[in-house]
Every structure is written in C-alpha cells, then in structure tokens.
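Number 165 in my numbering belongs to position 152 of the sequence shown; there are no gaps in the numbering.
The beta-carbon is built from N, C-alpha and C at its ideal position, and this holds for glycine as well.
In this text the structure is predicted, and so the values were computed from the model without any measurement.
Everything on this sheet refers to the single structure shown next.
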Amino acid sequence: MIAILDGYVDEPSCLGVPPYISPYPRYIAGMLEKLKVEWFYVTIDQYRENPKVVEKADKIIIIAGIAVPGKYLGGNPLSFREIPSIAPEKEKIIVGPMVLEIDDWPEGCEVLPFPFEHKLYELLGGDVRDATRNFVNKFALLGAKVVKQHPDYPNVICEIETYKGCYWQKCSFCIERIHRISMREARAVVAEIKALYDLGIRHFRLGNQTDFFTYLADFDKEIPRPNPEALKEFHRAIWENCPKIKTLHLDNVNPKTIAEYPDESREIIKTIVTYQTPGNIAAMGLESADERVIRKNSLLATPEEVMFAVEVINEYGRHVGYNGLPYFLPGINFVFGLKGETKETFEKNYEFLMEILERNLMIRRVNLRQVKVFPFTPMAEIGERNVRKHKRYFKLFKEKIRRDFDSKMLERIVPKGRLLTDLRVEVVKDRISFARQLSTYPLLVGFYGVFQRNTFLDGRVVGYGRRSITAVPKINLNDADLNQLLAIPGIGKNTAARILSGKPYKDFQELEKIIGKEKIAILARYFTM
Ligand code: SF4
14 MIAILDGYVD
24 EPSCLGVPPY
34 ISPYPRYIAG
44 MLEKLKVEWF
54 YVTIDQYREN
64 PKVVEKADKI
74 IIIAGIAVPG
84 KYLGGNPLSF
94 REIPSIAPEK
104 EKIIVGPMVL
114 EIDDWPEGCE
124 VLPFPFEHKL
134 YELLGGDVRD
144 ATRNFVNKFA
154 LLGAKVVKQH
164 PDYPNVICEI
174 ETYKGCYWQK
184 CSFCIERIHR
194 ISMREARAVV
204 AEIKALYDLG
214 IRHFRLGNQT
224 DFFTYLADFD
234 KEIPRPNPEA
244 LKEFHRAIWE
254 NCPKIKTLHL
264 DNVNPKTIAE
274 YPDESREIIK
284 TIVTYQTPGN
294 IAAMGLESAD
304 ERVIRKNSLL
314 ATPEEVMFAV
324 EVINEYGRHV
334 GYNGLPYFLP
344 GINFVFGLKG
354 ETKETFEKNY
364 EFLMEILERN
374 LMIRRVNLRQ
384 VKVFPFTPMA
394 EIGERNVRKH
404 KRYFKLFKEK
414 IRRDFDSKML
424 ERIVPKGRLL
434 TDLRVEVVKD
444 RISFARQLST
454 YPLLVGFYGV
464 FQRNTFLDGR
474 VVGYGRRSIT
484 AVPKINLNDA
494 DLNQLLAIPG
504 IGKNTAARIL
514 SGKPYKDFQE
524 LEKIIGKEKI
534 AILARYFTM
C-alpha cells in the first residue's frame, strides 16, 4: 500500500495549494492504478492533524516544492525541515520542485529528478517508452479519482497541464529551462477534464504551461505562431463534453506572443472571453521595467510590449461578467533582486504601474516577489546579493504599490455596491468570514458575520482592505446582524436598531412604516426576504 502525501506545489506554471489540486497526485495515482498497486491520498495538512493517517502505508510518495513562495489561505505547504519527522520508519520517495533546491536529503529518502514522471514510473516497475508529455495522458485518466479523497472535494480546482517548456528559455532566473517543449494532445486534455467532470469536479484551470496563447501553436516557426482556430476547437470540445463547468480559467500568457502576433492574439482573447468564465486572469511576466535589468537578465518582453498586451486584453476582457468580475484581465509579475538592479529600477517599475492607472486600464493582480535563486540558472552568478542589498527598497516599494496602486485598482475593478457571487467561505477570524471564488488568483472577500467553512455566499462590496474587499452577504434580512446592517451605505445606528427590533418580517413592505420607502430600496439591494 502506497500513500501519496501531497505537500503542495507552487511553480511558475503549476499550482497545487488547496483549493487547487495539481496534476501530480493524479498522475501518480494513475501510475499506481496501472500497476495494480493499492494507494491512498492525504494532504500534508491532514497528516499534521493526525500523523496516523499514513500508518497503513508501506511506502510514501511525497510531492513537495514551492518554487514561487507566496501566502496561502487554503493550506500550509510542506517545508524541507518537516520531512525527517514524517513517518521516519517508512521508505519515502520525494518528487516535485523541492528537489531542485536541496542537495542534502535525510536517510531513507529516494529523491527523483524533476520532472519526475518517467523516472517514477520506471522505479515503480512500469515500462517507459513514450518520452513526450503524452506519456502522462493515460495516468491522468486512471488517477482522476484521487480528487474524491481531497478534503475539500468537490470544492477543488483542478490544475490542468497543456504543455511543458518555454520556447525562449533565457530569462536569468527562470526554472522553466528544465523542461523540454512537449505538448499534450488537445483530445487527451479534453478527455482528462471530462474524467474529472464525471467525478463531480466543476472548476478547472488550464494553468500548467508557460504561455496559454501558444498551446497547439506551431513551434517550428522562429517565434511560435499561435493557432486561434485550434484553440477555439479545443474550447468547444471542453464545453461539448462538460456543459456544466462553473470555472474555466487559465494562468500564464507570454506578452511577447501578443506583441508579435496581435491579430492571432486578438482572436484568442475573443475565444477566451467567449468560452472561459469571468474573473479570468492572464498572468504575464514583465519582471522589470528597467532596461538595464532587462538586458542583463535576458528578459523577454519590453515595457512597451507588456503595455500593448495589457491594452489588447482590456479591449475585450474588461466588461463585467455574471459573477461580478470582469471577464478577462491581465496580471503582471515583477521580480526583484535581479542582476543590474538599482534604486532606479524601483522608480521605473512604479512609473510603469502609474501609467496603467492614468490610462484607465485594468490589471487584476500585481505580483511583486523577490527572486528565488536556483543553482542551475544564470542568477546563481550573483545569488541573493541584490535581494539582501535592496531588502529595504523592496519593502518600501511594496507598501507604496499597495497604497498608490492596488487600492485604486480594486475600486476600479469592483466598485462599491457590486454583487459578487459564489464566494466560498474558507476561514473565520474575529467574526469576519473570509471567502473566495473558486477561480484563478481569487479576490479575498471579508464578510461581516460567522459562516461555516464551505458555505457559498453572494455579497455586495462595501469597503476595501489593502488587497481584499469587504462585503455584506446577501442573506435574508431577518438573519442580518447589526454589523451587516451598519456596513450598508445610508443605514445608520438608529435605522439599524429599528430594523432589528421589528424582526421578523414577512416582506420588505412590512418595513415601510418603520424606515420609509427609500431605505427599503437600499435594503432590498443587499438582502433577500
Ligand atoms: S519567457 Fe522567460 S520567464 Fe517566461 S517561461 Fe520563458 S524563460 Fe521563463
């Protein structure tokens, strides 16, 4: 019996921290199914709660590695320090991006090179013939059922792989150079989504590639030319097979592709807006708006090209969808601590973002991170020297962006009064329930009131935090409390007290004598009856 212990991954092009489940546990479960080995799945958070969950396993396959560290609400990724204490008496196989950064493993751990799929199958006794990514297709189908063992099932988002590798492979810090370009056939990806859909999954992210726009593209061209027709067919096939999908999103887009092929990219954006679901984000790497840093690190896209990509996506994607969010917006990634970085780099990045605000464009997410240096990348030449040297600048810059950019952009994207739907409660703290849509880079919404984890709520926006929003849940007025009433513009202490003392009501008309028609109209926007 083998335990698949999911320590969660976060790579530039693959996410597996809950509510996400990465493809890796699904592939591994598929391999074990194929080899007729008994298996079960647990997450690292389940293990921490009760280490006995792996007791019946003879061997543990641990998936781990956070290559792009972040803050996570849905789960706490496994750290290297924890590994020696995990069932020390049992044999362990370690897979995932963690192996890229650690050399010194504890005894009893068999560590496989990353990417691991071919090696693992061989180690388990399987026959490896196909060296391409299509190798995973059969395992993706056989192992889909692992989702039923996820503690958040069916409220999980399945990260779906389309292709590995990057045509460019030159940015100094990037770990994608470890992958050869290899695509999965569209029909295999659709079949995988269908298998997961048949198991009750309704949320998907086509997130496991470096550039969604070049999935199914012609890579024999000097610069891969996108294939809008093939992508449209791919989307149609997904909906034909899975008509009740609730979330279909993507992750990475290379702004260079949009700048090089604007016509094809416009067609692809229209397909995404038509066939994927609102709240979608194209995470794009600018990394730095400073030409010196761009040159020294062989970064790909120029600030002008990224600005162009932002404009084109805004052109088609900024209108509001049925869940309260714009259909499709860009996100921008910056990396700090790169070669050639100076104080001026921070100023140039600031100016770039301010220009976006001034031009009335929308960006759903600005990701600011310090470079994590991997030994096999050109960044190893200077290591974390600039990270350490500019630590203070980075901190100040982050503050400034949160204050001058993020809050203004949030108000532009989700103005006060906007109704957001299908928010899933994840955590409750100080009588505020924190919820998010099951989507790509979801907005964090704080609801006044205490609601059970996994409750789904709709709510209207009433305020803004630094990178989150506050909302009033759209619940029955008879269930509303004082804080929820007071959060509504136009409802003061006296009105709220009168409303509460007259509860319960049959309908809004019953309130007319107490608060007047005008206020009833306001309340009816925020509550049901
Ligand atoms: S374009 Fe650069 S950063 Fe993006 S995946 Fe390719 S090598 Fe990495």
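- Closest by C-alpha distance to P517, out of V22, L91, M542, A243, is M542.
- DSSP places R431 outside both helix and strand once states are collapsed to three, so it counts as coil.
- With the criterion CB distance below 6 Å from any heavy atom of the ligand SF4, the matching residues run C179, W181, Q182, K183, C184, C187, E189, T223, N267, G298, L313 along the chain.
- Using a 10 angstroms sphere on the CB of H262, the tally of other CB atoms reaches 16 or more, which defines it as buried.
- In the structure shown, I482 falls within a strand segment according to DSSP collapsed to helix, strand and coil.
- Under the three-state reduction of DSSP, Q162 is assigned to helix.
- Taking 4 residues as the shortest admissible run, the stretch 471-541 contains the following complete alpha helix (DSSP H) segments, listed from N- to C-terminal end: 495-499, 506-514, 525-528, 530-539.
- Between the alpha carbons of R416 and L490 lies a gap of roughly 35 Å.
- Contact between V325 and R279 holds: CB atoms are separated by about 6 Å, below the 8 Å threshold.
- The alpha-carbon of I17 is positioned some 14 Å away from that of I96.
- Contact annotation: the stretch 154-162 does not touch the stretch 62-77, with fewer than three C-beta pairs closer than 8 Å.
- Under the three-state reduction of DSSP output, T260 falls in the strand class.
- Its Cα nearest to that of D276, the residue A322 stands out among F247, A250, F53, A322.
- Per DSSP, reduced to three states, the secondary structure at I282 is helical.
- In the assembly as shown, I236 is an exposed residue. Its beta-carbon has fewer than 16 other beta-carbons within 10 Å.
- Pairing R398 with G350, the inter-Cα distance amounts to about 7 Å.
- According to the DSSP assignment, V458 belongs to the beta strand (DSSP E) that extends over 457-461.
- For the 8 Å CB-CB criterion, F225 and I271 do not form a contact.
- Comparing alpha-carbon positions, the option among E68, P110, F93 lying closest to E104 turns out to be E68.
- Cβ-Cβ distances below 7 Å link Y461 to I445, V485, N496, Q497, A500 in the same chain, with the five nearest sequence neighbours on each side left out; the list follows chain order.
- DSSP places N293 in the strand class (E or B) of the three-state scheme.
- When C-alpha distances from A537 are compared across L433, R473, T355, R480, the shortest belongs to R473.
- Between V30 and Y37, the CB-CB gap reaches or exceeds 8 Å.
- In the DSSP secondary-structure assignment, K442 is bridged to I445.
- By the 16-neighbour rule on beta-carbons within 10 angstroms, K65 is exposed.
- By DSSP's assignment, I75 forms a beta bridge with L18, I107.
- When secondary structure is reduced to three states using DSSP, N380 falls in the strand class.
- Residue range 216-221 is occupied by the beta strand (DSSP E) that includes L219.
- Per DSSP, the continuous alpha helix (DSSP H) segment holding E317 begins and ends at 316-330.
- Put simply, the backbone Cα of Q182 is about 10 Å away from that of L313.
- When only Cα atoms are considered, P32 and G87 end up about 6 Å apart.
- By the criterion of at least three beta-carbon pairs nearer than 8 Å, the stretch 194-213 is not in contact with the stretch 293-311.
- Take the alpha-carbon of Y60 and the one of V384: they are about 30 Å apart.
- Per DSSP, the continuous alpha helix (DSSP H) segment holding L136 begins and ends at 130-136.
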